[in-house]
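Residues 1 to 121 in UniProt numbering are what the sequence shown spells out, letter by letter. We put the CB at the ideal spot given by N, CA and C, even for glycine. Small disclaimer: the values here were computed from a predicted structure and weren't measured. These notes are about the structure you will find just below.
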Amino acid sequence: MSSRKIATWWYSNKEYLAKALKEILDQAFSPAPGSAAVTRTRRRMTLEEASDLFGIKKDASLKEILERSDHLYKLNDPSKGGSKYLQAKVLSARLVLEDEARKRGETLPEERNNNTQYHSP
C-alpha cells in the first residue's frame, strides 16, 4: 500500500480505531472481577495494631494515649516532611485505643468535672 492509501484508510477509520483502542486499554487496565482491587474494603484497625503503632500497652491510660497521639501526629506533619497517610494511621490508632479506654470507664479529669459522657460508635 502506498502511503496515500494508508493515510486515507486511517483517516476514514479513525473513529472506529479510536473506539477499539479505548476498549482495549479499558480492558487492559481494569481490575479483574473478584480481584483485591474490586473487593477491597476498609477495616478498622485492631487494638493490637494500634498499640504496636503507638508503642504502648493495650490497657494504657487515656492520658498516655492522647499524649502519644499528639506527639506522633505532630511528628508526621506534612509541612515538616511527614506524611498525611501516617497521620491518618495515627488518628485511626488513637480512635481505637481511646474507645477501648473509655469502655474501661476511663475519663480525663476535665471530663469528670463537666460530667461529659462519651459513647463509642
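Excluding sequence positions up to five away, which residues of its chain have a Cβ less than 6 angstroms from the Cβ of Ser83? Asn76
Could you say if the segment 86-102 and the segment 45-55 meet the contact criterion of at least three C-beta pairs nearer than 8 angstroms? yes
Cutoff 8 angstroms; reference Ile65; Cβ partners in own chain excluding five residues on either side: Phe54, Ile56, Arg94, Leu97, Glu98, Ala101
Cβ atoms of Leu72 and Glu106: under 7 angstroms apart, would you say? no
Roughly how many angstroms lie between the CA atoms of Asp59 and Gln87, to the nearest whole one? 22 angstroms
Give every residue of the same chain whose Cβ lies closer than 7 angstroms to the Cβ of Pro121, excluding the five residues on either side of it in the sequence, and list them in chain order. Unreliable positioning characterises Pro121 in this predicted model, as indicated by a pLDDT of 46, which lies under 50. A coordinate reading is not provided.
What does the Cβ neighbour count give for Arg68, buried or exposed, with the cut at 16 atoms within 10 Å? buried
For Arg102, the first and last residue of its enclosing alpha helix (DSSP H): 84-103
For Met45, which residues of its own chain have a beta-carbon under 7 angstroms away from its beta-carbon, when the five flanking residues on both sides are left out? Ser92, Ala93, Val96
Whole angstroms is fine: what's the gap from Gln27's alpha carbon to Ala7's? 28 angstroms
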